[in-house]
Amino acid sequence: VVGLLLSQWAWFGAVQALPATVAGIGSLSVPVVGVIGSAIWLGERVGAPEIAALVLIGASVLLAMRPQSAQEPAAAARVPARALGFDPKRLR
2 VVGLLLSQWA
12 WFGAVQALPA
22 TVAGIGSLSV
32 PVVGVIGSAI
42 WLGERVGAPE
52 IAALVLIGAS
62 VLLAMRPQSA
72 QEPAAAARVP
82 ARALGFDPKR
92 LR
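Once you know that position 92 of the sequence shown is 93 in my numbering, the rest is easy, because the numbers rise by one and skip nothing.
Encoded structure:
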């Protein structure tokens with residue numbers, strides 16, 4: 002229970018302090034650390050399924066970190082936030 006409470010506290014602190022993209026990429030690293038840590042400290046064997054999963058996680062991190070294109074966003078993406086019913090003043 003204590004570990005769960007500490008991890009939730011750390012996660013919500015990271016989400017408040019960092020942009021969503023960075024926090025998301027950080028959450029992708031959790032299984033990587035778990036697999037590597039269990040291989041080192043517990044002596045668990047890392048097989049083909051684990052390696053494939055780590056490769057897929059690495060590919061997702063690379064996709065998330067790729068630079069954005071300089072093209073103009075689509076017209077639908079330029080809708081003002083107020084038109085969608087979002088008022089940033091209510092968050093304060």
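Where a beta carbon is used, it is the ideal one built from N, C-alpha and C, also for glycine.
Asked: Note the first and the last residue of the continuous alpha helix (DSSP H) segment covering Val3.; Found: Val3 to Ala18
Asked: Please classify Val33: does DSSP put it in a helix, a strand, or coil?; Found: helix
Asked: Report the rounded CA-to-CA distance for Leu6 versus Gln69, giving the unit in angstroms.; Found: 36 Å
Asked: Measuring CB atoms only, is the segment 22 to 32 touching the segment 54 to 70, in the sense that at least three cross pairs come out at less than 8 Å?; Found: yes
Asked: From the DSSP output, in three-state form, read off Glu45 for me.; Found: coil
Asked: Determine the closest residue to Met66 out of Ile52, Gly14, Val47 and Ala21, with distance taken between C-alpha atoms.; Found: Ala21
Asked: Based on Cα-Cα distance, which residue from Ser8, Trp12 and Val36 lies nearest to Gly25?; Found: Trp12
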